[in-house]
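Residue numbers (the working numbering): 422 to 868.
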């Protein structure tokens, strides 16, 4: 079995992507101030339309400085100077020394834990402002992000999600951002949308393009839409290769805990592609190549006896310590929200690109659902895709959607798929861990 230290030595690609996600603040500032690029915020991963307009998509939390920025800067400089593979080897040399072991261990954990710490900080800002005390963690985190960095954006672009609390939150965003635009999804019953739905969605895409052109001063063309979709599809293919193909194998290129942290990073980084679409694609391809190489050379962990556990939903917030609890009990945790919601489906490159984008977004609308049944069925798609043996269902405090859906989900999961599920409540990272641990242990004992 590989150790955490060895994972770092053989995972230069993880460092590379983490640096680009956590340590890109200066680049964002340069693009805004010197290059006069429009920074466009987003909550969901549909960045291709923003890239097609020549704008820069960004999750506002990435505009903050993270507490580990000093050594992230040093690692970034080393990666740019020596190459990421050589930087990983340098990490391996440092690991040979006593002090180096703790340093490397801290680097790997800090990359992910610093992100979670920053989310807690954003939630604290919302709580101090008295915003939505009965709202979910994710919504309060968004408030903190926009309250602190919204003024630096050119546009807030998002979908109108089914959550009533989220819609109400969108109404107050005008206090924080210069301009907002929302893509409206037509409501249609389960199944294929009608031609009328497609035409409606095309009008929404054209309206969005007009706003982006106004903000950027650029023209969005069929060619730019196609080029952005092509690179986006390449990102999706690499993401699915890691989640579904490598993820389902019995030998992983790292420890189960590390693999879960990789999925955590992918989940957040995919939203805005770290504000650089081609670089993100290259980061993903480098990660796939490195994973395949590790597996080929027997570097990693035999996970054939580790039970496959899906944790969902996570977009409203979740407890990251759960993956450590599961790993200690011989389990491996999967996060795959964007697969469930259809964001990892390719955009067609043939024919009318506005229509292709419209059909893609309509499919996503069908996955998130105009009904609770549609949404929960989408979650079950991931359970089937990874051949999961158990599910940990994270119930965010204040989320009425998930509370009303769970009974249907549990019955479908246990009766049709014959898979056990543990319901864990979530309010804030680090709270209620003993109760969560008890429920996780009970679930793992059933397997």
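Each residue gets a CB set at the ideal place from its N, CA and C atoms; glycine is no exception. Since the model is a prediction, treat every value here as computed from it, not as a measurement.
- In the three-state scheme derived from DSSP, where H, G and I count as helix and E and B as strand, residue 778 is classed as helix.
- Per the DSSP secondary-structure output, residue 466 pairs with nothing in a beta bridge.
- Around the C-beta of residue 801, 16 or more other C-beta atoms lie within 10 Å, and the residue is accordingly described as buried.
- Cβ neighbours of residue 703 within its own chain (closer than 8 angstroms, five residues either side excluded): none.
- Put simply, the region 688 to 707 does not touch the region 742 to 752. Fewer than three CB pairs are less than 8 angstroms apart.
- If you draw a straight line from the Cα of residue 468 to the Cα of residue 687, it is about 14 angstroms long.
- Rounded to whole angstroms, residue 455 and residue 653 show a C-alpha spacing of 26 angstroms.
- Counting only residues of its own chain and dropping the five nearest sequence neighbours on each side, residue 629 has a CB closer than 8 angstroms to the CB of 470, 578, 602 and 604.
- Less than 8 angstroms separates the beta-carbon of residue 565 from that of residue 547.
- Of the other Cβ atoms in all chains shown, fewer than 16 fall within 10 Å of the Cβ of residue 549; this residue is therefore exposed.
- For the pair residue 803 and residue 733, the CB atoms are nearer than the 8 angstroms cut-off.
- Taken atom to atom, the span from the alpha-carbon of residue 834 to that of residue 758 is near 17 angstroms.
- In this structure, 867 is the residue among 799, 627, 867 and 737 with its C-alpha nearest to the C-alpha of residue 810.
- Counting every other CB atom within 10 Å of its CB across the protein chains shown gives residue 856 a total below 16, marking it as exposed.
- Boundaries of the alpha helix (DSSP H) around residue 654: 643 to 661.
- For residue 576, the uninterrupted beta strand (DSSP E) segment begins and ends at 576 to 580.
- Looking at the DSSP output, residue 844 sits in a beta bridge with 814.
- Annotated three-state conformation of residue 630 is helix, per DSSP.
- When C-beta atoms of the region 473 to 482 are compared with those of the region 568 to 577, three or more pairs fall below 8 angstroms, so the two segments count as touching.
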